[in-house]
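Add 24 to the 1-based position in the sequence shown for my numbering, that's all there is to it.
Working notes for the structure below.
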Amino acid sequence: MEKKKDIFERLTSGEVIPMDDPDYSNIREAVNQTMGLIRKLNASTDVNEARKWLGEVIGEEVDESTTLFPPFYTNVGKNIRLGKKVFINHACSFLDLGGITIEDEVMIGPRVNITSENHPVEVADRKTMVPGSVVIKRNAWIGGAASILPGITVGENSVVAAGAMVTKDVPANTVVAGVPAKVVKEL
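See the structure below:
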């Protein structure tokens, strides 16, 4: 007999979840737990301590080559996967219910927002969670205050300019800029 997926597995597999789902309260419980860990992470006095708390937030050890400058914000954290030599600058926000994967050697500027969850525009359906995993490929650079929306893949070696709003996949070896982000240069 196949084991029933929990709500987090359902979200990371792309299942749309209405807020009246019987398991929805598990999300709120996870958020409450994460809030306590985030408070400790953001009170860190050095990057090694911040890395340790980030590992607690995401539920796995973070490689010592990864650097995070607090403050940092996430709603659950357990659906974030980090590679090696990742740099995350101040005041980033990751909404990770749909899953966020950040591969090796990625640089993320200050105040970057990465969201892997959304809601329908239609009023009657708006309280439904629509997940879309985000993948930031190896050696990409996300400029300060950029926003990456659900379901996006940022290609290897690419650059997302500061302030860009990424609404479509970013091809490898390109620079994208603007709102919405468009390719402005091939690398």
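Glycine included, each C-beta is placed from N, C-alpha and C at the ideal position.
For clarity, every value in this text was computed on a predicted model and none was experimentally measured.
Identify the residues that DSSP records as bridge partners of residue i: which are they?
i	result
L222	The displayed coordinates of the chain run from 25 to 211. Any statement about residue 222 would go beyond what the structure contains.
P195	In the DSSP output, where bridge partners are listed per residue, P195 has none listed.
A188	Beta-bridge pairing links A188 to no other residue.
S37	S37 is not bridged to any residue.
V200	V184 and V207
P46	Its beta-bridge partners do not exist; DSSP assigns none.
Among residues of its own chain, excluding the 5 on either side of residue i, which ones have a beta-carbon nearer than 6 angstroms to its beta-carbon?
i	result
D128	G107, K108, K109 and R162
I160	I126, V130 and V178
V199	V183, V208 and K209
R217	Since the first residue of the chain shown is 25 and the last is 211, residue 217 is not available in this structure.
G175	G156
M24	Beyond the ends of the chain as shown, which are 25 and 211, falls residue 24; an answer cannot be given.
N137	S117 and S171
G101	T58, V81 and I82
A54	V100
D47	I31
Going by DSSP, what residue range makes up the alpha helix (DSSP H) through residue i?
i	result
I51	S49 to N66
E26	Careful: E26 lies outside any alpha helix (DSSP H) and carries neither H nor E.
How is the beta strand (DSSP E) around residue i delimited, first residue to last?
i	result
N72	Not the beta strand (DSSP E): N72 falls in the alpha helix (DSSP H), residues V71 to I82.
R105	I104 to L106
E210	K206 to E210
Return the chain-ordered list of same chain residues with a C-beta closer than 7 angstroms to the C-beta of residue i, the five sequence neighbours on each side being excluded.
i	result
A186	G133, G167, G168, A169 and A170
S68	A74, W77 and P94
G79	E85 and V86
L173	T139, V190 and T191
Can you give me the Cβ contacts of residue i inside the same chain, cut-off strictly under 8 angstroms, excluding the 5 residues immediately before and after it?
i	result
V40	T152, M153, V154 and P155
N50	D30, I31 and F32
L61	W77, E80, V81 and G101
V203	G187, A188 and M189
Are the segment 181-188 and the segment 72-84 touching by the rule of at least three beta carbon pairs closer than 8 angstroms?
The answer is no - the segment 72-84 does not touch the segment 181-188, with fewer than three Cβ pairs under 8 angstroms.
Counting pairs of beta carbons, one from the segment 93-108 and one from the segment 117-125, are three or more of them closer than 8 angstroms?
By the Cβ criterion, the segment 93-108 is in contact with the segment 117-125, since at least three pairs of Cβ atoms, one from each stretch, lie closer than 8 angstroms.
At which residue ranges does the segment 119-185 contain complete beta strand (DSSP E) runs of 3 or more residues, listed in the order of the chain?
Listed in chain order, the complete beta strand (DSSP E) runs (minimum 3 residues) inside the segment 119-185 are 124-126, 137-139, 152-155 and 158-160.
Contact between the segment 59-66 and the segment 146-156 is defined here as three or more beta-carbon pairs at a separation below 8 angstroms; is this criterion met?
No, the segment 59-66 does not touch the segment 146-156.
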